[in-house]
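One structure is given here, and the rest of the page talks about it.
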Amino acid sequence: MVRFKNRYVCFELLFEPPADPACAARTSRPGQSQAPPVLSAKSISQLVRDCVKLSFGDSGAGHVLMGTQVKYFNARTCMGIIKVPRDHCRMVLAAMVLATHVNKRPCTVCVRHVSGTIKKCQKAAIRVDRELIIAWHQQQRVRAASGEAPPVSNSALSQLLQESASQISALEL
Amino acid sequence: MDTAREADEKRKAQPAPRYTLGKARSVDVVGFVEARAFEINALQRSLEDARAAGNVRAFQTLPRHLRRRAASHNVKRIPARLRERAIAEMKRSAQSSKALAGTDRLTNAKRASRYKRRRSRTVRDEYELRQAGKRWLETHVWHAKRMHMRELWGTMVAETPNERSHRVAYRAAKEKTYIQDISFFRTLEITGPEAAIVGLVRRLTAPGSATLAAKPYITGARMAPLALHRADMYPLAALGPASALWQPAADAGDRRLWLRVHPANADAIKAELASAIGSPPGGEQGEVRLADVSCDVVSFELLGGQSTQLLATVLAQAADPEACGSAALRLVRQVPSPAVLPESVVVALRIHDPRLSFPHKVDPGSVALSDNEQRQLQNLLRRWPTEASILRHRGGGADHGIWDRDACAQGVARRPAEHILNARRQQQLIPGAKLVPDPDADVTVPLLLVRTGPEALVGSRTARADRRCVDTLAHGWTLLAPRGWGMPLWMSLGFAGGRAQGLSERHHVGFEAGLPTFPANWPGTVAYDEWAGAAAAAARQQWIRRPPGKRTNYLQLGITSPFYPPFHELLGIEDVPSVYPRVTADGLECRMRRLKKISSNGRSAAAETAQAASADDAMAVDPAPAVQERLASSDCSQDPSGSIWLVAGELLAAAVETQLVSGRGPCASTPAPTSLLEWAAPLLGAAGCAGASVPHSLRGQALLERCLVRVRLVCAGRGVLANCAPICLHPAGAAEPGDGDTIGYVMTGSYSLARGCGMAIGACSLRGLFRLWASPSAGEAPRRADASCRVLVRSLGGAPSTTAVLTVLP
Numbered sequence: 001m002v003r004f005k006n007r008y009v010c011f012e013l014l015f016e017p018p019a020d021p022a023c024a025a026r027t028s029r030p031g032q033s034q035a036p037p038v039l040s041a042k043s044i045s046q047l048v049r050d051c052v053k054l055s056f057g058d059s060g061a062g063h064v065l066m067g068t069q070v071k072y073f074n075a076r077t078c079m080g081i082i083k084v085p086r087d088h089c090r091m092v093l094a095a096m097v098l099a100t101h102v103n104k105r106p107c108t109v110c111v112r113h114v115s116g117t118i119k120k121c122q123k124a125a126i127r128v129d130r131e132l133i134i135a136w137h138q139q140q141r142v143r144a145a146s147g148e149a150p151p152v153s154n155s156a157l158s159q160l161l162q163e164s165a166s167q168i169s170a171l172e173l
Numbered sequence: 001m002d003t004a005r006e007a008d009e010k011r012k013a014q015p016a017p018r019y020t021l022g023k024a025r026s027v028d029v030v031g032f033v034e035a036r037a038f039e040i041n042a043l044q045r046s047l048e049d050a051r052a053a054g055n056v057r058a059f060q061t062l063p064r065h066l067r068r069r070a071a072s073h074n075v076k077r078i079p080a081r082l083r084e085r086a087i088a089e090m091k092r093s094a095q096s097s098k099a100l101a102g103t104d105r106l107t108n109a110k111r112a113s114r115y116k117r118r119r120s121r122t123v124r125d126e127y128e129l130r131q132a133g134k135r136w137l138e139t140h141v142w143h144a145k146r147m148h149m150r151e152l153w154g155t156m157v158a159e160t161p162n163e164r165s166h167r168v169a170y171r172a173a174k175e176k177t178y179i180q181d182i183s184f185f186r187t188l189e190i191t192g193p194e195a196a197i198v199g200l201v202r203r204l205t206a207p208g209s210a211t212l213a214a215k216p217y218i219t220g221a222r223m224a225p226l227a228l229h230r231a232d233m234y235p236l237a238a239l240g241p242a243s244a245l246w247q248p249a250a251d252a253g254d255r256r257l258w259l260r261v262h263p264a265n266a267d268a269i270k271a272e273l274a275s276a277i278g279s280p281p282g283g284e285q286g287e288v289r290l291a292d293v294s295c296d297v298v299s300f301e302l303l304g305g306q307s308t309q310l311l312a313t314v315l316a317q318a319a320d321p322e323a324c325g326s327a328a329l330r331l332v333r334q335v336p337s338p339a340v341l342p343e344s345v346v347v348a349l350r351i352h353d354p355r356l357s358f359p360h361k362v363d364p365g366s367v368a369l370s371d372n373e374q375r376q377l378q379n380l381l382r383r384w385p386t387e388a389s390i391l392r393h394r395g396g397g398a399d400h401g402i403w404d405r406d407a408c409a410q411g412v413a414r415r416p417a418e419h420i421l422n423a424r425r426q427q428q429l430i431p432g433a434k435l436v437p438d439p440d441a442d443v444t445v446p447l448l449l450v451r452t453g454p455e456a457l458v459g460s461r462t463a464r465a466d467r468r469c470v471d472t473l474a475h476g477w478t479l480l481a482p483r484g485w486g487m488p489l490w491m492s493l494g495f496a497g498g499r500a501q502g503l504s505e506r507h508h509v510g511f512e513a514g515l516p517t518f519p520a521n522w523p524g525t526v527a528y529d530e531w532a533g534a535a536a537a538a539a540r541q542q543w544i545r546r547p548p549g550k551r552t553n554y555l556q557l558g559i560t561s562p563f564y565p566p567f568h569e570l571l572g573i574e575d576v577p578s579v580y581p582r583v584t585a586d587g588l589e590c591r592m593r594r595l596k597k598i599s600s601n602g603r604s605a606a607a608e609t610a611q612a613a614s615a616d617d618a619m620a621v622d623p624a625p626a627v628q629e630r631l632a633s634s635d636c637s638q639d640p641s642g643s644i645w646l647v648a649g650e651l652l653a654a655a656v657e658t659q660l661v662s663g664r665g666p667c668a669s670t671p672a673p674t675s676l677l678e679w680a681a682p683l684l685g686a687a688g689c690a691g692a693s694v695p696h697s698l699r700g701q702a703l704l705e706r707c708l709v710r711v712r713l714v715c716a717g718r719g720v721l722a723n724c725a726p727i728c729l730h731p732a733g734a735a736e737p738g739d740g741d742t743i744g745y746v747m748t749g750s751y752s753l754a755r756g757c758g759m760a761i762g763a764c765s766l767r768g769l770f771r772l773w774a775s776p777s778a779g780e781a782p783r784r785a786d787a788s789c790r791v792l793v794r795s796l797g798g799a800p801s802t803t804a805v806l807t808v809l810p
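First to last, the protein sequences are chains A and B. FYI, the numbering for the first sequence is 1 to 173, going by the UniProt record's numbering. FYI, the numbering for the second sequence is 1 to 810, going by the UniProt record's numbering.
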């Protein structure tokens, strides 16, 4: 019985900010002031297919068409996990790196983790989220200390942040 | 150009863009964090659900040691906490099965046959029927479920656990606790006047060694290691190692001695003792009596750094906490390893029924000893009290403990059954509390704890050799208990954290410690011949089973005896015991054409060899008649192994070692010895040689020609040493050593986890060691300590020979 091996790719979509001269060279996270793009799992699979067809032609697209599947995608945070056949994983990664637009919006695909099981990809996604939250929290604290922004005092939020921080340090230990 | 370069530098000078959250003063920041938090929760929930999802059955989540084969179809084999889940899974799969459609059943198991249903024998009767011809130990059923069993020495012995545990056994024996049921060891009881017993045993041991009348042994405070030979035939006709323990007795009357022997040579030793009792040298008939009490004693062996702590926990419920033995055990519970305590000390204890406080749990966060206890511990280690081996009654009388078999049997008969104990446990106020011993209903168990070490394996004191040869893997405890207490003690030891292993793991741990194990590493004894003969027959069967084109061609590689180490041929003894499968050149043939020619040419010759082969196999399978016929004749010329002198014991080994490393440079004051007799004179002196019935032809030179010395080889580079490989000197000209350079053979060779390189225990002839000493050291100007001890070991598979460093073993 031949075993079909797969690779699970955890990635994130990063969108360009609107035409704003103040932050022209910076990318920003979705959920910011502009309206979030309406994306779904179908649009992600369409994106992957189009990228591969564009970069590797019909034969390349034929290789990955059957085995590619979007396992998870969150439109708010734009994190997703796709399943790709192992033999063509590098082709799909290369194509995704070269992706520039989704739904006519300019974006970048940032690949976070590649592994053979979906469990590790889920864990990687959790880790990325936690680190982001902690980084944001620290930044807010810095900005509150320098007086640029009012301190965010939401008790439930700070509890979540402390929990995340301790869990991350426990993982690192 | 310049602008381009400047632009390049400017780009490189900028820090890498960090994905910060930008300056956007967003009102949706909290929403952003919430979105991330929600995602984390969702992913975590899906991970947990996936664990309990239908792609993994309930029994697949169990650790290796709790898995049972019938768990997939027999719900009772799964622990109670997972049973509901398992039943739900089976119901789900039963829904989709046609055979079970419509019924309430979970599996398609058929009803047992009518014969089985009507047969209402108890399990105990059935087990007793199955023990015809072979004895089951008390813990047999427990071992049979977890280990491969093998019939050896008339008992069913656990060979190796079902799971892979090579490294587990090593780690347990080094750092944690390794336990083994060694109740198959035989115990012989000798009763009689003290002087008569001492004289009797002295006839079987080396005349120069410390006798049983020596100070620490005679009181029963220590267990004496012995290396036994046939009566008055020292140094030839070795029988093997044994341990002796006196019963402590105050009055001057008959005394009792227990001899713990390995079952492989128990019959030979019993016969020898019986004949020695029947024919005393002085002529007068002594009143010495011999009895076999093996069935009345169960014993367990514990090795490992934490074994003392485990024992102290399991045996904590002492009947008399102030008694010397129990107090000593309580004090030493924190020692880092049993090697710290003096070797072979005996501690006598009496504890309450171990089932009352089952299951015992070793407390890892250990309580530190108070200052008073620390001082007491120091005193204890400095001078171990001899009263630790004596039990005292509360009332002041003598308590014979395990030596009094009738009292022990009465205790076992009186003890409450398990269901009564369970009823008492139900009555407890706090569920799960341990039972309190009831002086009327409950019994106490007398035990003997012996701190075993390399002495018992080697058969002599090893104080000096210890540091060089032995790792901590050889030190541990032996627990002796009366019959009937095997299972309660075994379960307590296992549940407290001891890892149970079998015979082959014990052999491996002894090998890692660098010690010879009996019977696999004692050439020159009858037990070794049987062991090696059986192993050789099995190896030869394996070799024959392979197709001729794929067999290792030992003929071409020049190895004449690939299945067993031919010590008899090495020492020039023509008579080889028939237990070994002798193979001629035809027997090692691998080429098809030659094989066909052989088989077609001599049909009669083939029939003869087949007959001889089957006779060999028959002998190998049933060695008892061979042993009997060897013992019947006391003349050593009929017993080929009886004329081998195996150097055993620390004294002799030290004599050989000093001669081996003695310098022959210009600074040597005395002239260097030129012949074997001169060189080995210290050895002969240390042996204090030849007993009365050694024939005159075997004194002096002839004796030295028959001398075999056990050695340990450690690989100098890469490579692993194989069993039965020849040990050779460095050849003068050629790269590979030839037949003439062989000085010995490897008995057990393997990769050593303790040392990280290949290692072997083998035996060399004394003449071979003399040649090694005399051979010119290959041009190494600064004389290294081990320069004279480098040998080559040939490989059995055609690979180049490996260099190894040789040390003499006691």
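By construction, the Cβ of each residue, glycine as well, lies at the ideal position given by its N, Cα and C atoms.
When DSSP labels each residue in this structure, what does B:A655 get in the three-state scheme? B:A655 carries a helical assignment under DSSP once its states are collapsed to helix, strand and coil.
Could you give the residue range of the beta strand (DSSP E) that holds B:W477? Boundaries of the beta strand (DSSP E) around B:W477: 476-482.
Spatial neighbours of B:L570 within its chain, please: C-beta separation below 6 angstroms, excluding the five flanking residues on both sides. So the list reads S765, once near-sequence residues are dropped.
Cβ shell of B:S614 (< 8 angstroms), same chain only, five flanking positions each side left out: Bear in mind that a pLDDT of 45 at B:S614, under 50, signals an unreliable position, so the number given afterwards is only what the model happens to contain. Nothing meets the Cβ criterion.
Roughly how many angstroms separate the alpha carbons of B:M619 and B:G484, rounded to a whole number? Confidence in B:M619 is poor, its pLDDT being 38 and thus under 50, which makes the residue's placement unreliable; the coordinate value appears in the next sentence. For B:M619 and B:G484, the distance between alpha carbons rounds to 36 angstroms.
Taking Cβ positions only, does B:R36 come closer than 8 angstroms to chain A? B:R36 has a beta carbon lying within less than 8 angstroms of a beta carbon in chain A.
Short-range partners of chain B found in the stretch 119-136 of chain A, where Cβ spacing is below 7 angstroms: Taking 7 angstroms as the Cβ-Cβ cut-off, the stretch 119-136 of chain A approaches chain B at K119, Q122, A125, I126, D129, R130, L132, I133, W136, given in chain order.
Look up A:N6 in the DSSP assignment and give the residues it is bridged to. As a beta-bridge residue in DSSP terms, A:N6 pairs with A:P85.
Determine the DSSP secondary structure at A:G67, reduced to helix, strand or coil. Three-state DSSP puts A:G67 in coil, outside helix and strand.
Give me, in chain order, the residues of the same chain whose beta-carbon lies closer than 8 angstroms to that of A:A99; leave out the 5 immediate sequence neighbours on both sides. In chain order, L47, C51, C107, T108, V109 place their CB closer than 8 angstroms to the CB of A:A99, counting only its own chain and leaving out the 5 sequence neighbours on each side.
Taking C-beta pairs closer than 7 angstroms, name the residues in chain B that A:M96 reaches, listed in chain order. Going along chain B, no residue has its Cβ under 7 angstroms from A:M96, so there is no contact; the nearest lies around 18 angstroms.
Let me confirm a value: B:V123 is counted as buried when at least 16 other C-beta atoms fall within 10 Å, else exposed. Which label applies? Classification for B:V123: exposed.
Taking 8 angstroms as the CB-CB limit, is A:P112 close to chain B? Looking at the sequence shown, residue 112 of chain A is not Pro but Arg. With 8 angstroms as the cut-off, A:R112 does not count as an interface residue toward chain B.
Should B:Q501 go down as buried or exposed, given a rule of 16 or more other Cβ atoms within 10 Å for buried? Buried, because 16 or more other Cβ atoms sit within 10 Å of the Cβ of B:Q501.
Length at least 3, wholly inside the stretch 257-302 of chain B: the beta strand (DSSP E) runs in chain order: Unbroken beta strand (DSSP E) runs of no fewer than 3 residues, entirely contained in the stretch 257-302 of chain B, are found at 289-292, following chain order.
Through-space distance from A:Y72 to A:L14, alpha-carbon basis: When the Cα atoms are used, A:L14 and A:Y72 turn out to be separated by approximately 17 angstroms.
Comparing alpha-carbon positions, which option in B:G304, B:W679, B:G498, B:G154 lies nearest B:G133? If we check each option's Cα against that of B:G133, B:G154 comes out closest.
Could you name the residues of the same chain whose beta carbon sits closer than 8 angstroms to that of B:V576, not counting the 5 residues immediately before and after it, in chain order? Here the set comprises P566, H568, E569, R582, P640.
Minimum C-alpha distance to A:C10 - residue among A:R143, A:V92, A:I134: Ranking A:R143, A:V92, A:I134 by Cα distance to A:C10 puts A:V92 first.
Assess contact between the stretch 222-240 of chain B and the stretch 482-497 of chain B, defined as three or more Cβ pairs (one per stretch) separated by less than 8 angstroms. Is contact present? At 8 angstroms Cβ cutoff, the stretches do not touch.
Quick one: what does DSSP say B:S504 is sitting in, helix, strand or coil? The answer is helix: DSSP assigns B:S504 an H, G or I state.
Separation of B:E84 from B:T462, as counted between CA atoms: If you take the alpha carbons of B:T462 and B:E84, they lie about 58 angstroms apart.
Pull up the DSSP beta-bridge partners for B:H400, would you. In the DSSP output, where bridge partners are listed per residue, B:H400 has none listed.
When you compare the CB of A:Y8 with every CB in chain B, is at least one pair closer than 8 angstroms? Not an interface residue.
What do you get for B:F300, buried or exposed, if any count of 16 or more other CB atoms within 10 angstroms of its CB means buried? Counting every other CB atom within 10 Å of its CB across the protein chains shown gives B:F300 a total of 16 or more, marking it as buried.
Check whether chain B comes within 8 angstroms of A:F11, counting only Cβ atoms and requiring the distance to be less than that. So no, A:F11 is outside the interface.
Any chance the CB of B:L106 is under 7 angstroms from a heavy atom of the ligand SAM? Because no ligand of any kind appears in the structure shown, any question about the ligand SAM cannot be addressed here.
So what does DSSP say about B:L62, is it helix, strand or coil? Coil at B:L62, not helix or strand.
Between B:T160 and B:E650, what straight-line distance do the alpha-carbon atoms span, to the nearest angstrom? Straight through space, the alpha carbons of B:E650 and B:T160 are spaced by roughly 32 angstroms.
Can you find at least 3 beta carbon pairs, one from the stretch 522-532 of chain B and one from the stretch 264-276 of chain B, that sit closer than 8 angstroms? Between the stretch 522-532 of chain B and the stretch 264-276 of chain B there are three or more C-beta pairs closer than 8 angstroms, enough to call the two in contact.
Which stretch, first to last residue, makes up the alpha helix (DSSP H) that contains B:H352? Looking at the DSSP string, B:H352 is not in any alpha helix (DSSP H); the run it does join, the beta strand (DSSP E), is 346-352.
Among A:G57, A:A75, A:I81, A:D58, the one whose alpha carbon lies nearest that of A:T68: Comparing C-alpha distances from A:T68 to each of A:G57, A:A75, A:I81, A:D58 shows the shortest one belongs to A:I81.
Pull up the CB-CB distance for A:Y8 and A:K83, whole angstroms please, since I reckon it's below 8 angstroms. With a Cβ gap of about 6 angstroms, A:Y8 and A:K83 count as contacting.
For the candidate residues B:L447, B:A224, B:P281, whose alpha-carbon lies nearest to that of B:G453? Out of B:L447, B:A224, B:P281, the CA that lies nearest to the CA of B:G453 is found in B:A224.
Return the Cβ separation of B:P248 and B:I390 in integer angstroms, given the expectation that the two are a contact with Cβ distance under 8 angstroms. At roughly 5 angstroms, the Cβ-Cβ gap stays under 8 angstroms, so B:P248 and B:I390 are in contact.
Residues of the stretch 62-95 of chain A whose Cβ lies closer than 7 angstroms to any Cβ of chain B, in chain order: Per Cβ criterion, the list reads N74, R76, T77, M79.
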